[in-house]
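One structure below.
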Amino acid sequence: MTLAAILSTATFIAAGFLGLCGVLMLKRGEPALAMMAHTRASLVQSFAGRYLAMAFMLLGLTVSAEWRALAIVLAVGGAMGFLDYVYVGRAGGWVLPHVVAGLACFVLAAGAYSLSRA
153 MTLAAILSTA TFIAAGFLGL CGVLMLKRGE PALAMMAHTR ASLVQSFAGR YLAMAFMLLG
213 LTVSAEWRAL AIVLAVGGAM GFLDYVYVGR AGGWVLPHVV AGLACFVLAA GAYSLSRA
């Protein structure tokens, strides 16, 4: 088996696991939180880690001029912004920052995709 095949297989497994975790969090929030060994007290730090990870992904892809991958990551970021808009809005929170972030990500994704086609 080639390294590419091994990495692809492992990545698909990891993506499936993360997807399952996400669905569990949406469907059964509190029990899923406990099952994944998170507490409400650790959520702020968990969010901080995810924001920092996204920032480093964006910087790394930009510096390495991986425009197609950057477009994908930005498009996912845009979708995350709009999902946050829905969930924060349902909870009565301020949604404008999420809308702006989502739109900005989609515009930047379009620009990165355009560069990938050049």
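Each residue of the sequence shown is one higher than the last, beginning at 153 in our numbering. Beta carbons: idealized from backbone N, C-alpha and C, even for Gly. None of the values given here were measured: they were computed from a predicted structure.
Short check: CB of residue i to CB of residue j, under 8 Å?
i    : j    : result
F258 : G230 : yes
M177 : A166 : no
L260 : L226 : yes
W219 : A264 : yes
L210 : L222 : yes
Output the distance between the C-alpha atoms of residue i and residue j, rounded to the nearest integer angstrom.
i    : j    : result
A156 : A162 : 10 Å
H250 : R202 : 16 Å
F199 : A253 : 16 Å
C173 : L213 : 26 Å
R180 : A217 : 39 Å
F164 : M187 : 22 Å
V175 : L159 : 24 Å
What is the DSSP secondary structure of residue i, reduced to helix, strand or coil?
i    : result
E182 : helix
S198 : helix
M187 : helix
G245 : coil
M153 : coil
S216 : coil
A221 : helix
A270 : coil
Use the C-beta contact count for residue i: other C-beta atoms within 10 angstroms, 16 or more gives buried, fewer gives exposed.
i    : result
G171 : exposed
Y237 : buried
V247 : buried
G233 : buried
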